[in-house]
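The letter at position 249 of the sequence shown is residue 359 when you use the working numbering, and the numbering goes up by one with no holes.
Note that beta-carbon positions come from the ideal geometry of N, C-alpha and C, so glycine has one too.
Single-structure report; data block below.
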Amino acid sequence: MAFRDIVNQDHAVLLLRSAVRIGRVGHAYLLVGPSGVGRRTLALAFAQLLNCERPDGDACGECGPCRRIASGNHPDVRLLDIVNERFIERPGKDFKGKEIPVDQIRALRQDAAYPPYEGKWKVYIIADAERMNASSANSLLKVLEEPPARVTFLLIAESSVALLPTVVSRCQLVRCAHLRPDQIERALVERWGIPEDRARVLAALADGRLGRALEWARSEEKMDARDRLLDLLPQLETGDLMLRLDAAEALAKPPESLPLLPELLDLAVFWYRDLLIWKQIQQPALLTNRDRQAEIERLAPAYSEATLGVRIEAVEEAKEALRRNVNARLALEKLFLSFGVTPLAAPTK
Ligand SMILES: [Zn+2]
Numbered sequence: 111m112a113f114r115d116i117v118n119q120d121h122a123v124l125l126l127r128s129a130v131r132i133g134r135v136g137h138a139y140l141l142v143g144p145s146g147v148g149r150r151t152l153a154l155a156f157a158q159l160l161n162c163e164r165p166d167g168d169a170c171g172e173c174g175p176c177r178r179i180a181s182g183n184h185p186d187v188r189l190l191d192i193v194n195e196r197f198i199e200r201p202g203k204d205f206k207g208k209e210i211p212v213d214q215i216r217a218l219r220q221d222a223a224y225p226p227y228e229g230k231w232k233v234y235i236i237a238d239a240e241r242m243n244a245s246s247a248n249s250l251l252k253v254l255e256e257p258p259a260r261v262t263f264l265l266i267a268e269s270s271v272a273l274l275p276t277v278v279s280r281c282q283l284v285r286c287a288h289l290r291p292d293q294i295e296r297a298l299v300e301r302w303g304i305p306e307d308r309a310r311v312l313a314a315l316a317d318g319r320l321g322r323a324l325e326w327a328r329s330e331e332k333m334d335a336r337d338r339l340l341d342l343l344p345q346l347e348t349g350d351l352m353l354r355l356d357a358a359e360a361l362a363k364p365p366e367s368l369p370l371l372p373e374l375l376d377l378a379v380f381w382y383r384d385l386l387i388w389k390q391i392q393q394p395a396l397l398t399n400r401d402r403q404a405e406i407e408r409l410a411p412a413y414s415e416a417t418l419g420v421r422i423e424a425v426e427e428a429k430e431a432l433r434r435n436v437n438a439r440l441a442l443e444k445l446f447l448s449f450g451v452t453p454l455a456a457p458t459k
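Right under this line is the structure:
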């Protein structure tokens, strides 16, 4: 997880590496950006470079400290991540898991007062820093105002807006950007050896987040759900009312499928967009579902462009309904029943 393993966060990597190279490591950094773009990987790479025994502009990734940091077992590199239950000290009984309690920050400050145990630098990584409540943030502020030597704090947050401005002003801002789909696609193929056709779909799904693409790549369950959905969509055109209602129930029923629904609806949008692309210009390179090109070629002629527009709109409406917490089954029923209203070859208005 050295800097060379980080995809397309050139600006952030440059900033952190050069701080080490010129010997001006800041007391605190705020890594902001959407989750899944590699903020934590950046923080760990920085911790490695600071403590590596054989650094060469980047951490070696092989020495004892590098390995212990990667496995989360280095005494000088501490992670506070309440969502994943990584604490500085055991949380109190009243801990609810939503906010970073002040006792964690106090424990962190106490720990930071001692020099590094075995490494060169102590590094404290605070995930979801926007979950600090006012007393936690004020407690952290105290240590940021008088930072101990050879200690650096790495705060990770979606944006700086939800943080106390006084905390933000003590940190150097490191922006982590969304990745473009082509960047994600290339990384999946070159670094993770994922076949090109699949990488294209994953990159489209990733919404700029490599982490999300990898999550899909590693989940057979999710990829199966995609296959089932893409098999289902053409069947919905056949005009069978029961099939439409059953399909809505089957998709919405298992509770574990609910978190997946918004992403599945994204996939449905990609599917209709592919059909539309095929109707307009027959260019395989532009398809998201390249692994289903044969089907797209076969099915596209039956649709009118107007109908494809209606389908995409209906799926977007269902997505919006889910965002507003409308019952998932109702939202899907409405979506699937809309297939009966507009036939495949509806003319353009
Ligand atoms: Zn090393």
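Worksheet item: Between S269, S145, R383 and A431, which lies nearest to L409 when the distance is taken from Cα to Cα?
Response: Position 299 of the sequence shown, counted from the start, is the residue given in the question as residue 409. For L409, the nearest C-alpha among the options comes from R383.
Worksheet item: Going along the chain, which residues of its own chain have a beta-carbon closer than 7 Å to the beta-carbon of A222, five neighbours each way excluded?
Response: Sequence index remark: in the sequence shown, residue 222 carries index 112 (1-based). So the qualifying residues of the chain are K232, Y234, V253, P258 and V261.
Practice prompt. Grab the span of the alpha helix (DSSP H) containing Y227 for me, first residue to last.
Written response: Locating residue 227 in the sequence shown gives position 117, counting from the first residue. No alpha helix (DSSP H) contains Y227, which DSSP labels as neither H nor E.
Worksheet item: For Q393, is the classification buried or exposed, using 16 other Cβ atoms within 10 angstroms of its Cβ as the cut-off for buried?
Response: Within the sequence shown, numbered from 1, the residue matching residue 393 stands at position 283. Per the 10 Å Cβ criterion, exposed.
Worksheet item: Looking only at its own chain, which residues have a Cβ that is under 7 Å from the Cβ of R164, when we skip the five neighbours before and after it?
Response: On the sequence shown, position 54 is the one that residue 164 refers to. Closer than 7 Å at Cβ, skipping near neighbours: C170 and C173.
Worksheet item: For D401, which residues from the same chain have a beta carbon less than 6 Å from its beta carbon, with the 5 sequence-adjacent residues on both sides left out?
Response: Walking along the sequence shown from the start, residue 401 turns up at place 291. Cβ within range, chain order: D307.
Worksheet item: Which residues have their C-beta within less than 7 Å of a heavy atom of ligand 1, listed in chain order?
Response: Q158, C162, E163, R164, P165, A169, C170, G171, E172, C173, P175 and C176
Discussion item. Assuming L432 and L371 are in contact, meaning their beta carbons sit under 8 Å apart, how far apart are those beta carbons, in whole angstroms?
Written reply: Position 322 of the sequence shown, counting from 1, holds the residue named residue 432. Position 261 of the sequence shown, counting from 1, holds the residue named residue 371. Confirmed, about 6 Å.
Discussion item. Given this structure, state the Cα-to-Cα distance separating M333 from R216, to the nearest angstrom.
Written reply: Along the sequence shown, read from residue 1 onward, the residue named residue 333 stands at position 223. Along the sequence shown, read from residue 1 onward, the residue named residue 216 stands at position 106. Each residue's Cα considered, the two are about 44 Å apart.
Worksheet entry | Beta-bridge partners of Y139, as assigned by DSSP | For the purposes of this step, residue 139 is identified with residue 29 of the sequence shown, where counting begins at 1. Beta-bridge pairing links Y139 to L264 and Q282.
Worksheet item: In terms of alpha-carbon separation, which member of G146, I406 and D186 lies closest to Q119?
Response: Taking the sequence shown and counting its residues from 1, one reaches residue 119 at position 9. That would be G146, whose Cα lies nearest to the Cα of Q119.
Worksheet item: So which of L375, L324 and A412 has the shortest CA-CA distance to L442?
Response: As a first step, residue 442 is located in the sequence shown; it is residue number 332 there, counting from the start. If we check each option's Cα against that of L442, L375 comes out closest.
Worksheet item: What is the rounded straight-line gap between the Cα of L141 and the Cα of G229?
Response: Counted from its first residue, the sequence shown places residue 141 at position 31. Counted from its first residue, the sequence shown places residue 229 at position 119. Spanning the two alpha carbons is a distance of roughly 23 Å.
Discussion item. Give me the DSSP bridge partner(s) of V147.
Written reply: Against the sequence shown, residue 147 aligns to sequence position 37. V147 is not bridged to any residue.
Practice prompt. Within the stretch 160-221, note down every full beta strand (DSSP E) run reaching 3 residues or more, in order along the chain.
Written response: 187-190
Worksheet item: Do you know offhand how far R150's Cα is from D213's?
Response: Along the sequence shown, one-based indexing puts residue 150 at 40. Along the sequence shown, one-based indexing puts residue 213 at 103. Approximately 23 Å, taken between the alpha carbons.
Practice prompt. Identify which residue in L125, G148, G133 and R131 has its Cα closest to the Cα of Y139.
Written response: Position 29 of the sequence shown, counted from the first residue, corresponds to residue 139. Out of L125, G148, G133 and R131, L125 has the C-alpha closest to the C-alpha of Y139.
Discussion item. Rounding to the nearest angstrom, what Cα-Cα distance links V135 and L273 in this structure?
Written reply: Translated into the one-based positions of the sequence shown, residue 135 becomes position 25. Translated into the one-based positions of the sequence shown, residue 273 becomes position 163. One C-alpha to the other measures close to 22 Å.
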